[in-house]
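Have a look at the structure below before the remarks.
In this note's numbering, the protein residues as written are 1353 to 1531.
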């Protein structure tokens, strides 16, 4: 198996223990492309995300990763730290999509942690980051993003900032500097 898509949208039937144990099966694959969609999974917590990241860490041949946690109301900066840890062993990732839209408990601090984890992604060509409706994100998140964008060999960047009301022209100016 080289590619796998799992959609758990709107489901809330798995316990954190079940989420962690499911990863044992995925870890035995040689996936090159993995799409995991937990959009609107209202029971998802930072501990659940930690379990999910154990699915990803052994997938060192991975080239494309898409994680969607859109509208997961309990995801915080702690969960983003778990995602950062999952990215470290994946040295040849070419494409990363991270949908955090409407995750209202994440902040600039959590995004900074994600950016730190991306330093090891020296093959990353495409990055899609959706922060739309993330109400705690400010210009500071874009300021620190600017520094990391300079380190990555990106060819494609999509940054979703719809209804991020604490971001203004000053924040967008940081992104313009690396274009």
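Where a beta carbon is used, it is the ideal one built from N, C-alpha and C, also for glycine.
Among the bridge pairs identified by DSSP, residue 1447 is matched with 1416, 1478. The continuous beta strand (DSSP E) containing residue 1508 extends over residues 1508–1512. Residue state for residue 1374 is assigned as helix, using DSSP reduced to three classes. Per the Cβ contact rule, the region 1458–1478 is not in contact with the region 1395–1413 (fewer than 3 Cβ pairs under 8 Å).
With contact defined as three or more Cβ pairs closer than 8 Å, the region 1495–1502 and the region 1424–1441 are not in contact. Between residue 1406 and residue 1514, the alpha-carbon positions lie close to 31 Å from each other. When 1444, 1446, 1480, 1427 are compared, the shortest CA-CA separation from residue 1459 is found for 1427.
Here residue 1355 carries a strand assignment [DSSP, helix/strand/coil].
Assignment of residue 1490 by DSSP, reduced to helix, strand and coil, places it in the strand class.
Sequence-distant Cβ neighbours of residue 1389 in its own chain, meaning closer than 6 Å and more than five residues away, are 1359, 1361, 1420. In the displayed model, residue 1385 falls within a strand according to three-state DSSP. In the DSSP annotation of this structure, the continuous segment of the alpha helix (DSSP H) that includes residue 1521 starts and ends at 1521–1528. For residue 1472, no alpha helix (DSSP H) segment is defined, and its DSSP state is neither H nor E.
For the set 1487, 1530, 1476, 1531, the Cα lying nearest the Cα of residue 1445 is the one of 1476.
By the neighbour-count criterion, in which 16 or more other beta carbons inside 10 Å mark a residue as buried, residue 1508 falls on the exposed side.
In this structure, the CA atom of residue 1403 is about 19 Å from the CA atom of residue 1385. Here the alpha carbon of residue 1376 sits roughly 37 Å from the alpha carbon of residue 1516.
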